[in-house]
Amino acid sequence: MSTDVSVIHTERKDQIHRKGEGDFDLSCNRDSLAGAVSQRACVFCGSRVVLYPIADALHLVHGPIGCAAYTWDIRGALSSGPELHRMSFSTDLQERDVIFGGEEKLHKALDELIDRHAPKAAFVYSTCIVGIIGDDIETVCASVAEKKGIPVVPVQSEGFKGNKRAGYHAACKAMFRLMGTGDTSGIPILGINILGDFNLAGEMWIIKDYFRRMGIETVACITGDGRVDDLRRAHGASLNVVQCSGATMDLADMMKKSFGVPHLRVSYFGVEDMAESLYSVAHFFQDKDPGIMDRTRALVKEELSRLYPVLQEFRKALTGKKAAIYVGGAFKAFSLVRAFRLLGMQVVLVGSQTGTDEDYRELYEITDEGTIIVDDSNPLELTSFLKEKDVDVFVGGVKERPIAYKLGVGFCDHNHERKEPLEGFIGMANFAREVHSSVKSPVWRFVPRRNGRV
Amino acid sequence: MLLRHTSKEIVNRKALTINPAKTCQPIGAMYAALGIHGCLPHSHGSQGCCAYHRSTLTRHYKEPVMAATSSFTEGASVFGGQANLVQAIDNIFTIYDPEVIAVHTTCLSETIGDDIPQIAGKAQADGKIPAGKYVIHANTPSYTGSHVTGFASMTRAMVDYFARSSGQRSDRINIIPGYVEPSDMEEIRRIAVEMGVRIILFPDTSNVLNRPQTGRYEMFPKGGVTVEELMSTGDSRTTLALGRLASGSAARALDTRCKVPCEILDLPIGLNATDAFVDALRKAAAVSVPDTITTERGRMLDIITDMHQYFYGKKVALTGDPDQLVSLSEFLVSIDMQPIHIVTGTPGKKFETRIREITGEVPHRVNIGAPGDMFLFHQWIKNDPVDLLMGNSYVKYIARDEDIPFVRFGFPITDRIGHSYFPTVGYRGGMRLLEKILDALLDRKDRDSPEESFELVM
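Heads up: the sequence lines are chains G and R, in that order.
Here the first sequence is numbered in the working numbering, starting from 182 and rising by one per residue.
Here the second sequence is numbered in the working numbering, starting from 19 and rising by one per residue.
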């Protein structure tokens, strides 16, 4: 079956590439077409997902109720202590506030919340409407901070000012304001910050434990299971270990520039990438601690000896099956491509909402001939690709799941709604199990299109 | 969880909503628009609004939810969204080819003052709207009302844009089902069909948001009220509007525009409200109630009879939307339960008065929050505990922290299935609600009974 070309808008043709058909020059980082059923979100969304896991901070959404309601505890970012981040606080702006301004309301709300919950810091998110009516949240925040003696940080996350990536940047800027304000004494030489992990299903804890076994202390978790005081002294770490393409890279850059903290880009997903990440960090500290390489090798060996027998079983069952990937940031897709290969599976479609030119070139390098590479896709295109490639499992987020299921295609949530940790060596086993549970489900036998095939 | 940050002491809050018991207007407008056949809802605002609404509806229905967005940028926010919307209309008809585009506004486009009819007029003049296709709109700024009023506005837009009178009265009855589930809309239709009444039901999200697995994905599923049907609502004999807040405005507009008289009823949840609905339908269509419906009613009554001791005096805290809460409270009172904390995020004085009337005989102090939020709801529960909680999935935090039996009801339900397929309206829906309430109460009794009084027969 070939793709129904009528579903692809002329202006989107250069955002789709089939490897093997002509030179690779994918257009990306463009505003979505007006009228598109885009899977993308807004600036506020980007800021909110990055900052929300900081569990002992107050997160106040300054805007109408929707922005707070739709982001109320929808991401399973676990905390080992406080749970303040799981509540939804909003100034719930009304028409009157839109006309006369919402600054006074914001001030009152902050006063009350800080008095009651005694948070370590407050983040105040501005939304579309705040950008339009021109509330000076910077001044309000400064005045409350002075009165209450805690950092009150404005997050410039007006929805219309770009896409999710702009929101990541705003979140990084907000966090950066906390850095350099805490006491760094007692931080060991082998001290790192973990950036770009949100502790979904407890993943941060797995990664932190690997580093602990290597002899490395984590200074700040950014932001999964995050704490304000840790952020304030994060500049005292020797290294920033950064995962994910967009979310916290800007923060690492700012920290490098201002505090000279170097960074390494890593991925904790899949066996090769996970091991490679640990080795690169070990390598960084080799001069300071010559034994670290051996400890890391021992760790990887121990984990792999546990993991391989499990993976072999899944590999047997999954070899030759086809996978499609459509995720928020493209960086995650690199690891996914390799992970599927490890399971003997073939990736036939890969795309993202916010990938950069560099991201897509790398994807082009690591994928097989015939693979479709796509930027900022929509349900019609995705449906058409899934059918054309006769995919067995689709990896995506909340809006893609029901589309896959309606077509009778397996699904794995690699986004907010993951229920099992997918990072680390154990995560690879979980991932294999999840893919297996969906690909091999007997339910697909009942789907007309597949004629009893599973 | 929420418990440790929720204090028992209640202070009066003016500047702040904590754990909302509502959300914003546009999502209600989007949901209503999905109840038109072949309609693509369109969010005139930033991309995030549309993404959030689609995600939230998807979590609730476990269905693909399609909607487009004007994808506002900084430029559009300064110079107005006309260019975006005209281009969007053009792109949508070219690529997705819906019958109708239903535009709703957002806080952003409302505040910069975009005039949707003027923009749609421009698109029309520029030839961007193909013949026989339509662009309708509702104003749904997020800073007024709630998702319920957004639903009401889009439902009313269906009347404003489509209803016309040909001068010839038909024998059909319009039913506006209110902000209820696709399963409820299906059940309302079934009852009407069972009674031999020809109806136009709008909006109608059944077979849109509770589709079967067919191995195919259809952007525009077979469900939904058609444009043709919407046009002929102006010729119908009468309109029954279920739920004052969600359906009243559309019903009154039909009366004003096309002189179709209307009757505004409570949502048919529970025995009394369903009786009132069936009776209104009987009178409006001049039919008699068939035995099948009487039997259903008898069965529902039979359950209440058999189990009435278990309902006796049980205190309930419920949260949700006004139309639902009115009928639900009345239902609970009618089976001898005591709704004592009732919270909606949607403001409304009439609601409060109505709930006061309904709970007048309850021998306990009744707290009503309109608007209230779930933080206040939780505080009330802490101060005056209850035997049962009813509300959307967010109530499960309170249920867990306070260890109280919980029946899911309302929007959104993100952690259980059933609401898309099994109604809570009508007698059958009432039976389902009774079963759910009893299951929750009796499971708890089983869990907590000491061994010696653990009972087989209940």
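Even for Gly, the Cβ is constructed at its ideal location relative to N, Cα and C.
For clarity, every value in this text was computed on a predicted model and none was experimentally measured.
Between R:S155 and chain G, is the shortest Cβ-Cβ distance under 8 Å, so that the two count as touching? The question names Ser, but residue 155 of chain R is His in the sequence shown. No, because no Cβ of chain G sits closer than 8 Å to the Cβ of R:H155.
Within 8 Å (strictly less), CB to CB, does R:M237 reach chain G? yes
Tell me whether R:G387 sits in a helix, a strand or coil according to DSSP, three-state version. strand
According to DSSP, what are the bridge partners of G:F592? G:F575
So which of R:N385, R:R270, R:S254, R:N30 has the shortest CA-CA distance to R:D178? R:R270
Tell me, please, whether the CB atom of G:Y449 is closer than 8 Å to any CB atom in chain R? no
Measuring only between beta-carbons, confirm whether G:P266 sits less than 8 Å from chain R. The question names Pro, but residue 266 of chain G is His in the sequence shown. Not one chain R Cβ lies under 8 Å of G:H266.
Give me the chain R residues within the contact set of G:T564, using Cβ-Cβ distance strictly less than 7 Å, ordered along the chain. Y235
Where R:S25 falls, given that 16 or more other Cβ within 10 Å makes a residue buried: exposed
Run down chain G in chain order and give the residues with a C-beta less than 7 Å from the C-beta of R:P82. Within 7 Å Cβ-Cβ: P560, P583, I584, K587.
Residues of the stretch 70–81 of chain R with Cβ closer than 9 Å to any Cβ of chain G, in chain order: Y70, H71, R72, S73, T74, T76, R77, Y79, K80, E81
Can you tell me where the alpha helix (DSSP H) with R:S451 in it begins and where it stops? For the record, residue 451 of chain R in the displayed sequence is Leu; it is not Ser. Taken as a continuous stretch (DSSP letters only), the alpha helix (DSSP H) holding R:L451 covers 444–466.
Could you tell me whether the Cβ atoms of G:T308 and G:E339 are closer together than 8 Å? yes
Please report whether the beta-carbon of R:K32 lies at a distance below 8 Å from any beta-carbon of chain G. yes
Would the beta-carbon of G:L287 fall within 8 Å of that of G:I318? yes
Do G:H597 and G:G578 have their CB atoms nearer than 8 Å? yes
Does DSSP put G:K437 in a helix, in a strand, or in coil? helix
Taking any Cβ of chain G, which residues in the stretch 150–180 of chain R have a Cβ under 8 Å from it, in chain order? P159, S160, Y161, T162, S164
Which of the three DSSP states, helix, strand or coil, is assigned to G:G525? coil
If you measure beta-carbon to beta-carbon, which residues of the stretch 111–143 of chain R are closer than 8 Å to chain G? Within the stretch 111–143 of chain R, the qualifying residues are T112, I113, Y114, T124, C125, L126, T129, I130.
Is there a Cβ of chain R sitting closer than 8 Å to that of G:K570, yes or no? At a cut-off of 8 Å between C-beta atoms, G:K570 does not count as an interface residue with respect to chain R.
Work out the CA separation of G:M360 and G:K438 for me, nearest whole Å. 13 Å
Take every Cβ of the stretch 127–143 of chain R, pair it with every Cβ of the stretch 104–115 of chain R, and state whether three or more of those distances are shorter than 8 Å. Enough Cβ pairs lie closer than 8 Å, so yes.
Tell me whether R:P381 is buried or exposed, calling it buried when 16 or more other Cβ atoms sit within 10 Å of its Cβ. exposed
So, for R:A268: in the same chain, excluding its five sequence neighbours on each side, which residues have a beta-carbon less than 6 Å away from its beta-carbon? T173, R174, V177, I194
Which class does R:I28 belong to by DSSP, given the choice of helix, strand or coil? Reduced to three states, the DSSP call for R:I28 is coil.
Nearest-angstrom Cα distance between R:I311 and R:I206? 12 Å
Start-end ranges of the alpha helix (DSSP H) lying completely within the stretch 287–366 of chain G, minimum 4 residues: 309–314, 318–329, 345–357
Under three-state DSSP, which class holds R:C57? For R:C57, the three-state secondary structure derived from DSSP is strand.
For G:R476, which residues of its own chain have a beta-carbon under 8 Å away from its beta-carbon, when the five flanking residues on both sides are left out? Counting only residues of its own chain and dropping the five nearest sequence neighbours on each side, G:R476 has a CB closer than 8 Å to the CB of R394, M395, G396, A463.
Buried/exposed call for G:P234, threshold 16 Cβ in 10 Å: buried
Are the CB atoms of R:T251 and R:F220 within a distance shorter than 8 Å? yes
Kindly say whether G:F515, judged by its beta-carbon, lies nearer than 8 Å to any beta-carbon of chain R. no
Could you pull out every residue in the same chain whose Cβ sits closer than 8 Å to the Cβ of G:R358, ignoring the five residues on either side in sequence? P332, V334
Beta carbons nearer than 9 Å to chain R: which residues of the stretch 587–615 of chain G have them? Going along the stretch 587–615 of chain G in chain order, one finds K587, L588, G589, E598 with a Cβ nearer than 9 Å to chain R.
Under the three-state DSSP convention, the category G:V628 falls into: Three-state DSSP puts G:V628 in coil, outside helix and strand.
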